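*Asks:*
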Amino acid sequence: MLTNYKQLPLRSAHYTCYQLQAKINTGSGKKIGAEIAKLWNVGNSQPKSCDPVFSYWIKQGNPSSKIAFERSWKAINNKNYKIAKFAQKHVKSKSLNHSLNIFWKVQKDVALISDPKTLSKTTAHNADIAAYAIRKLAIKKPQVALKSWLRDRSRFNFSDEQRRYLNVYFGNKFAKSTYYDPASPGILQKLDPKYDYDEISEWKIRLALIKQDWKKVIALIDSAPQSIQSKNRWIYWKETAKQRANPKSYKAKYDPILAERDFYSFVAAELSGSALQLNHNKTNISSKLLDELNSIPAVARIRELVKTGDTNSAYQEWRSLRKSLNSQQTLAMGYLVSNWGWHIQGIRIAAKLKAWNELSIRFPRSQNALFAELGTAKGIGNTWPVAIARQESAYNQYARSPAGARGFMQLMPATAKQTAKKFDIPYSGKNDLYDPRTNISLGTAYLGEMMQKFNNQAYSTAAYNAGPHRVELWLKSRGKLPLDIWIETIPFDETRKYVQNVLTYSAIYDLLAGRKAKMFTAKDRAQLTLNRR
17 MLTNYKQLPL RSAHYTCYQL QAKINTGSGK KIGAEIAKLW NVGNSQPKSC
67 DPVFSYWIKQ GNPSSKIAFE RSWKAINNKN YKIAKFAQKH VKSKSLNHSL
117 NIFWKVQKDV ALISDPKTLS KTTAHNADIA AYAIRKLAIK KPQVALKSWL
167 RDRSRFNFSD EQRRYLNVYF GNKFAKSTYY DPASPGILQK LDPKYDYDEI
217 SEWKIRLALI KQDWKKVIAL IDSAPQSIQS KNRWIYWKET AKQRANPKSY
267 KAKYDPILAE RDFYSFVAAE LSGSALQLNH NKTNISSKLL DELNSIPAVA
317 RIRELVKTGD TNSAYQEWRS LRKSLNSQQT LAMGYLVSNW GWHIQGIRIA
367 AKLKAWNELS IRFPRSQNAL FAELGTAKGI GNTWPVAIAR QESAYNQYAR
417 SPAGARGFMQ LMPATAKQTA KKFDIPYSGK NDLYDPRTNI SLGTAYLGEM
467 MQKFNNQAYS TAAYNAGPHR VELWLKSRGK LPLDIWIETI PFDETRKYVQ
517 NVLTYSAIYD LLAGRKAKMF TAKDRAQLTL NRR
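Offset between the sequence shown (1-based) and this note's numbering: plus 16.
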């Protein structure tokens, strides 16, 4: 039996324990203590096949207090408290037990961490205890937890990971509050005085934007790392702030970003009267290469599976095929699958290749007639809902999010039901959301409803993503801000990126269609920082 075990690599504790049991049975048990200790000293339960091995090892006087203590903490860090308490039974050292007992005490009442006497510098794992308690305390008492963190982060030897987590956690907690807190800029400066964390550095600037303190905005951008200063986002805001700080003597110089294709470059181009740049680079795929690909049996199978709507099976075929393709062939496949209507896979291929300028496959058109018909009928045109669908599902008809949103425009069943009732749209249940006409009809109706409510494309786009109740709250707290600052300071990172992407995608689709593209309506454009008076 032992010979058989030696012939194969053992990939799980289950088989390793059978091997160790065989060694015990053949009289070699005393030589394998270190191997057993390694298996036992983990932060989770091991298979039942290990129980006899561990029982033998424990009868030999194991584990040591040190090993048992290590396992307790590994289990605590895995939130496996039952295993932690089991391992502690083998800890004989009073000082090590003291450390674990303090953790259990703090776990019951995390507010104890606010008392500096709870932990001493000699307590083993005091940084772990403090990090755990501060995280828990911050949920209900963020101010008290922050005070404890600022006090303790220099007292104990926190890991870099713990420091990053807690500094950024508190930075986000106080920077992203719904209502502006005058204390927040000072808190962020205390958390990150040396600009070590990009998340905090960027929110320092955003808080200055909320106050429209232009000199502070400029100073903060200049103090940030070069990795932040070089972003189009902060080039845009620095130039905007410089003009607002010196309106009579300075004109924003957006030239470094005007040739690029993103939200800030497009807004800058619109403000400066420059044309929006597509940088479209459609690779010339030869007919010979396409014929070669189409002759491959796997490609033929993918094409037929896509035609029948079985994209799951098509994807499995693709996973096998892609290993044999070079980058040129892979890009050509992106064009092929996009032409077959499998647009999301074309988008994936372009992303995998970092072919960002291949706009034909990155920004395809699907269900053109439906978007044109239904978007126009709802009074919102077709470009905006097309951009929403591109952002939401990348034109995956059968897309379903973890939250349960479905179809092209990713509608939640509850929203779909309410919208169908309000606008008298036929709808019999959530599976209808996989039907293109039903999904786009409901999606454009809901988007039109948001536009009626907010009368602003950016606000309405944010409402489509985060819900109208949140946008109402954000407008109540910061609605008087210039529109570009309002977008920049949306508290949800996902929604901020979502709004910027949708506005940018709308312009890209207009440009690809040969239409004149604008990021904002004349009314919304007047609300930008440089246009506000």
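Glycine included, each C-beta is placed from N, C-alpha and C at the ideal position. Since this is a predicted model, take the numbers as computed values, not measurements.
1. Going by DSSP in three states, residue 14 sits in which element: helix, strand or coil?
2. Is the region 300-309 in contact with the region 378-388, if contact means three or more CB pairs nearer than 8 Å?
3. Can you check the region 227-263 for any beta strand (DSSP E) of at least 3 residues that lies completely inside it and give the ranges in chain order?
4. For residue 417, which residues of its own chain have a beta-carbon under 7 Å away from its beta-carbon, when the five flanking residues on both sides are left out?
5. Would you be able to state if there are at least three C-beta pairs under 8 Å between the region 398-411 and the region 436-450?
6. Under a Cβ-count criterion, where at least 16 other Cβ atoms within 10 Å of its own Cβ denotes burial, should residue 523 be classed as buried or exposed?
7. Could you check how far apart the C-beta atoms of residue 399 and residue 525 are, in whole angstroms? I think they sit under 8 Å.
8. Do you know offhand how far residue 17's Cα is from residue 41's?
9. Starting from the C-beta of residue 94, find all residues in its chain whose C-beta is less than 8 Å away, skip the five residues before and the five after it, and write them out in chain order.
10. Taking C-alpha atoms, which residue in 267, 279, 296 and 297 lies nearest to residue 288?
11. Given a threshold of 16 other Cβ atoms within 10 Å of its Cβ, counted over all protein chains shown, does residue 44 qualify as buried or as exposed?
12. Can you give me the C-alpha to C-alpha distance between residue 372 and residue 504, rounded to a whole angstrom?
13. Quick check on the burial criterion: 16 or more other C-beta atoms within 10 angstroms. Buried or exposed for residue 129?
14. Report yes if the CB atom of residue 315 is closer than 8 Å to the CB atom of residue 337, and no otherwise.
15. With DSSP collapsed to three states, give me the class of residue 422.
16. How many Å lie between residue 25 and residue 76 at the Cα?
17. Looking only at its chain, what residues have a beta carbon closer than 8 Å to the beta carbon of residue 81, apart from the 5 residues adjacent to it on each side?
18. Determine which residues share a DSSP beta bridge with residue 169 and list them.
19. How many Å lie between residue 23 and residue 65 at the Cα?
20. For a test of the three-state rule: what should DSSP assign to residue 378, helix, strand or coil?
21. For the region 141-151 against the region 178-188, do three or more pairs of beta-carbon atoms, one drawn from each stretch, fall closer than 8 Å, so that the two count as touching?
22. Please report the distance separating the alpha-carbon of residue 21 from that of residue 35.
23. Could I get the ranges of all uninterrupted alpha helix (DSSP H) runs contained in the region 263-335, with 4 residues as the minimum, in chain order?
24. So what does DSSP say about residue 416, is it helix, strand or coil?
25. At which residues does the alpha helix (DSSP H) containing residue 76 begin and terminate?
26. Please state whether the Cβ-Cβ distance between residue 57 and residue 87 is less than 8 Å.
27. Flag this pair as yes or no: are the beta carbons of residue 543 and residue 499 separated by less than 8 Å?
28. Would you check if the distance between the CB atom of residue 484 and the CB atom of residue 496 is smaller than 8 Å?
29. So, are the CB atoms of residue 480 and residue 463 less than 8 Å apart?
30. In the DSSP assignment, find the alpha helix (DSSP H) that holds residue 404 and state where it starts and stops.
31. In angstroms with no decimal places, state the Cα-to-Cα distance between residue 214 and residue 190.
32. Give the straight-line distance between the Cα atoms of residue 14 and residue 465, rounded to the nearest whole angstrom.
33. Can you give me the C-alpha to C-alpha distance between residue 272 and residue 535, rounded to a whole angstrom?
34. Go to residue 517, then tell me how far its alpha helix (DSSP H) extends in each direction, as first and last residue.
35. Within 10 Å of its beta-carbon, does residue 39 have 16 or more other beta-carbons around it, so buried, or fewer, so exposed?
*Replies:* In this structure, then:
1. The question about residue 14 has no answer, for the chain in this structure spans 17 to 549.
2. no
3. none
4. On the sequence shown, position 401 is the one that residue 417 refers to. Answer for residue 417: 426, listed in chain order.
5. no
6. Numbered from 1 along the sequence shown, position 507 holds the residue referred to as residue 523. Buried, by the Cβ-count rule.
7. Along the sequence shown, read from residue 1 onward, the residue named residue 399 stands at position 383. Along the sequence shown, read from residue 1 onward, the residue named residue 525 stands at position 509. Confirmed, about 5 Å.
8. The sequence position of residue 17 within the sequence shown is 1, counting from 1. The sequence position of residue 41 within the sequence shown is 25, counting from 1. For residue 17, the predicted structure reports a pLDDT of 49, less than 50, and the residue's modelled location is therefore unreliable. A value from the coordinates is still provided. Rounded to whole angstroms, residue 17 to residue 41 spans 11 Å at the Cα level.
9. On the sequence shown, position 78 is the one that residue 94 refers to. Cβ within range, chain order: 59 and 60.
10. As a position in the sequence shown, residue 288 is number 272, starting the count at 1. For residue 288, the nearest C-alpha among the options comes from 267.
11. For the purposes of this step, residue 44 is taken as residue 28 along the sequence shown, with counting starting at 1. It counts as exposed.
12. Taking the sequence shown and counting its residues from 1, one reaches residue 372 at position 356. Taking the sequence shown and counting its residues from 1, one reaches residue 504 at position 488. Roughly 24 Å separates the two Cα atoms.
13. Working through the sequence shown from its first residue, we reach residue 129 at position 113. By the neighbour-count rule (16 or more Cβ atoms within 10 Å), residue 129 is buried.
14. Here the question's residue 315 lines up with position 299 in the sequence shown. Here the question's residue 337 lines up with position 321 in the sequence shown. For residue 315 and residue 337, yes; Cβs fall inside 8 Å.
15. Numbered from 1 along the sequence shown, position 406 holds the residue referred to as residue 422. Residue 422 falls in the strand class under three-state DSSP.
16. Within the sequence shown, the letter at position 9 stands for residue 25. Within the sequence shown, the letter at position 60 stands for residue 76. In this prediction, residue 25 has a pLDDT of 49, which is less than 50 and means its spatial position is unreliable; what the coordinates show is noted afterwards. Each residue's Cα considered, the two are about 28 Å apart.
17. Position 65 of the sequence shown, counted from the first residue, corresponds to residue 81. Only 106, 107, 108, 109 and 112 meet the Cβ criterion.
18. Translated into the one-based positions of the sequence shown, residue 169 becomes position 153. In the DSSP output, where bridge partners are listed per residue, residue 169 has none listed.
19. One-based indexing of the sequence shown puts residue 23 at position 7. One-based indexing of the sequence shown puts residue 65 at position 49. For residue 23, the predicted structure reports a pLDDT of 47, less than 50, and the residue's modelled location is therefore unreliable. A value from the coordinates is still provided. So the alpha carbons of these two residues sit roughly 20 Å apart.
20. Position 362 of the sequence shown, counted from the start, is the residue given in the question as residue 378. In this structure, residue 378 counts as helix in the three-state DSSP scheme.
21. yes
22. Taking the first residue of the sequence shown as 1, we reach residue 21 at position 5. Taking the first residue of the sequence shown as 1, we reach residue 35 at position 19. Summary for residue 21: the model assigns pLDDT 47, below 50, so the residue's position carries little reliability, and this model does not support an answer.
23. Listed in chain order, the complete alpha helix (DSSP H) runs (minimum 4 residues) inside the region 263-335 are 271-274, 279-288, 303-310 and 313-323.
24. Within the sequence shown, the letter at position 400 stands for residue 416. Looking at residue 416 - three-state DSSP - the assignment turns out to be strand.
25. Taking the first residue of the sequence shown as position 1, residue 76 is located at position 60. First-last for residue 76: undefined, no H or E at that position.
26. Here residue 57 corresponds to residue number 41 of the sequence shown, with the count starting at 1. Here residue 87 corresponds to residue number 71 of the sequence shown, with the count starting at 1. The answer is yes: Cβ separation under 8 Å.
27. As a working mapping, residue 543 is identified with position 527 in the sequence shown. As a working mapping, residue 499 is identified with position 483 in the sequence shown. It is a contact, given that the beta carbons lie within the stated cut-off.
28. Looking up residue 484 in the sequence shown gives position 468. Looking up residue 496 in the sequence shown gives position 480. Against a cut-off of 8 Å, the Cβ pair of residue 496 and residue 484 comes out as no contact.
29. Taking the sequence shown and counting its residues from 1, the one referred to as residue 480 is at position 464. Taking the sequence shown and counting its residues from 1, the one referred to as residue 463 is at position 447. Yes, the Cβ-Cβ distance between residue 480 and residue 463 is below 8 Å.
30. Numbered from its first residue, the sequence shown carries residue 404 at position 388. According to the DSSP assignment, residue 404 belongs to the alpha helix (DSSP H) that extends over 399-409.
31. Locating residue 214 in the sequence shown gives position 198, where the first residue counts as 1. Locating residue 190 in the sequence shown gives position 174, where the first residue counts as 1. About 16 Å.
32. This structure cannot speak to residue 14, because the chain is shown only from 17 to 549.
33. Within the sequence shown, numbered from 1, the residue matching residue 272 stands at position 256. Within the sequence shown, numbered from 1, the residue matching residue 535 stands at position 519. A straight line joining the alpha-carbon of residue 272 with that of residue 535 spans about 19 Å.
34. Taking the first residue of the sequence shown as position 1, residue 517 is located at position 501. Note, residue 517: alpha helix (DSSP H), 509-528.
35. The count along the sequence shown starts at 1 and reaches residue 39 at position 23. Burial call: buried.
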